[in-house]
Each structure stands twice: as structure tokens, then as C-alpha cells.
Amino acid sequence: KKRVSQCLDRCGDQMDHNEEPLGQVEDARVTRQGRYSAWLKKAKSENARCKLIQSHNTRYFTIDFDSQIIFYSHSTSQKKVSQPIPFRDILGAERLPLPTKCRKSKTAMIFGFILKTKPRTFELFTNSSTDAAQWTFSLNAAMEMGKLKCLEQLKVLQGQQAEVRNQDEGASLVRTAPQTAAVSEDEKEASRLKQERPATEVEQEMAQEAAAARRKQEEEAARQKQEEEA
68 KKRVSQCLDR
78 CGDQMDHNEE
88 PLGQVEDARV
98 TRQGRYSAWL
108 KKAKSENARC
118 KLIQSHNTRY
128 FTIDFDSQII
138 FYSHSTSQKK
148 VSQPIPFRDI
158 LGAERLPLPT
168 KCRKSKTAMI
178 FGFILKTKPR
188 TFELFTNSST
198 DAAQWTFSLN
208 AAMEMGKLKC
218 LEQLKVLQGQ
228 QAEVRNQDEG
238 ASLVRTAPQT
248 AAVSEDEKEA
258 SRLKQERPAT
268 EVEQEMAQEA
278 AAARRKQEEE
288 AARQKQEEEA
């Protein structure tokens, strides 16, 4: 088993470095534009390690700054790729310490770094310390780009919500204005009718006051007559 594992490792290293990324003039990890692809050795999950002999496999990783996604495939043709991970789901990247016991080979992929994302954590290895550092820097830059895009989307959403609220408030004011005017006119009419009573009621009150005055005069005359007779 050890011999098979060592043979597979050597074959994997040769395949990793004999195939160069195609069509790449500038390193997108530096310019933060376009895409960059390269072979990386990926540590397997615990479940995969139990089923297979190798603890690592090689995958063709791509970081796309224009689309703001990361994915990997089994070949450079990228006919079948993994589920893309958006930059906003990146939690960070950091270097791994160099193993104390490692093969001293120029093609050995022993320089590692960790990529933490919301779906999962990747343990990846490349063939130089400089390349591992470049991957780490670019992944952390991608994380910041994802955060910035989320903030921009949040501002746009808040602006749209504020615009909808303003439209609703304006429509509500237009609907309630005629009702308020109608209520005000009704109140004025009721006050006017309360102050201006019908003429018949005024006449009745005047007749009642005259009758009361006559009764008072008659009572006063009768009282005086009684006093004279006494």
C-alpha cells in the first residue's frame, strides 16, 4: 500500500506540473481582473480518506474575479466543474506551516494554505512558498470584494424600500385629503345650524316670556288689592 501511495503521489506531482495553465498572460491574482487557474493538491475529507488510499488528490482550481466565484474541475477543459463558491461566502485564507518531514523536490506540492468558506474548508497545497502566499493574498482580497458587493446590494435594496415607502405615504395623503375636507365642512354646517335655530322656536320663547310677565302683573295687582281691603 505504501508503494502504491508513493507511486500515485509521484505521478500526481508530474501531472500537476507538466500541464501549464493555458492562455494566461497576466496573473489575475495580482491584477484582480479576469481569472486564474492552476493545479492544486487538495486534502480529502475524512470520509473520502477512509474509502481511498490517497489522502490528497489534484484539482484544477479557478478564481474568477469578474464573476466573483471560485470552482475546481478534474481537467483543464473544465467540462465538469464543482459547485461555484461566490466571493461573499469566503471566510478567509491563511498559510499552513511547512511539514517537518517532506520530500525535497522542485515539483513537490508541500506548501499549503487553508481556504475557509461557508459551505466547507479546503486544505490546499502548491509547489512553492511564493505561490501559496499569492493564493492566500488573492483569496483574502476576493473575500473583501465579496463583502463590498454585499454592501452595495444592501444599499440598493434599502433605496428601493425607501422609494416604495415614500410612494405609499404619498398615495395615502392623496386618499385622505378629500375625506378630511369633507369632515371639516360637515362640522362647520353642524355648528351653523346649532347657532341658527328656526324662527318658530324664537317666537314660542317670546310668547312664553310675555305670558309669564302678564301672570306676574296679575299676581302683583291681586296682592295690592288684598292689602287695601285689610
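Residues are numbered in my numbering as their position in the sequence shown, beginning at 1, plus a constant of 67.
Ideal placement from N, C-alpha and C gives every residue a C-beta, glycine not left out.
Proximal residues to residue i (C-beta, below 7 angstroms), its chain only, five neighbours per side dropped
i: R67; result: Since the displayed the chain opens at 68 and closes at 297, residue 67 lies outside it and no answer follows.
i: G101; result: A95, F132 and D133
i: E295; result: none
i: S195; result: F178
i: S205; result: R96 and I130
Coarse secondary structure for residue i, derived from DSSP in three states
i: Q234; result: helix
i: L224; result: helix
i: L165; result: coil
i: D131; result: strand
i: A200; result: helix
i: A175; result: coil
Cβ shell of residue i (< 8 angstroms), same chain only, five flanking positions each side left out
i: S140; result: R126, Y127, T129, K146, K147, V148 and S149
i: Q135; result: P153, F154, R155, A209, M212, G213 and K216
i: D94; result: Y103 and Q201
i: N124; result: G79, K108, K109 and K111
i: M273; result: none
i: Q293; result: none
Integer Cβ distance of residue i from residue j, believed to fall under 8 angstroms
i: K185; j: D156; result: 4 angstroms
i: T193; j: M176; result: 6 angstroms
i: L107; j: L221; result: In fact, because the Cβ distance is near 33 angstroms, the residues do not count as touching under 8 angstroms.
First and last residue of the uninterrupted alpha helix (DSSP H) at residue i
i: T98; result: A95 to T98
Residue i - containing beta strand (DSSP E), residue span
i: A105; result: R102 to A110
i: I181; result: F178 to T184
i: F189; result: T188 to T193
i: F138; result: I136 to S140
Beta-carbon contacts of residue i that lie in its chain and below 6 angstroms, excluding the five residues immediately before and after
i: I137; result: I130 and I152
Does the stretch 101-113 come close enough to the stretch 154-162 to have 3 or more Cβ pairs within less than 8 angstroms? no
Assess, as a yes-or-no matter, whether the stretch 193-201 is touched by the stretch 174-182 under the definition of 3 or more beta carbon pairs within less than 8 angstroms. yes
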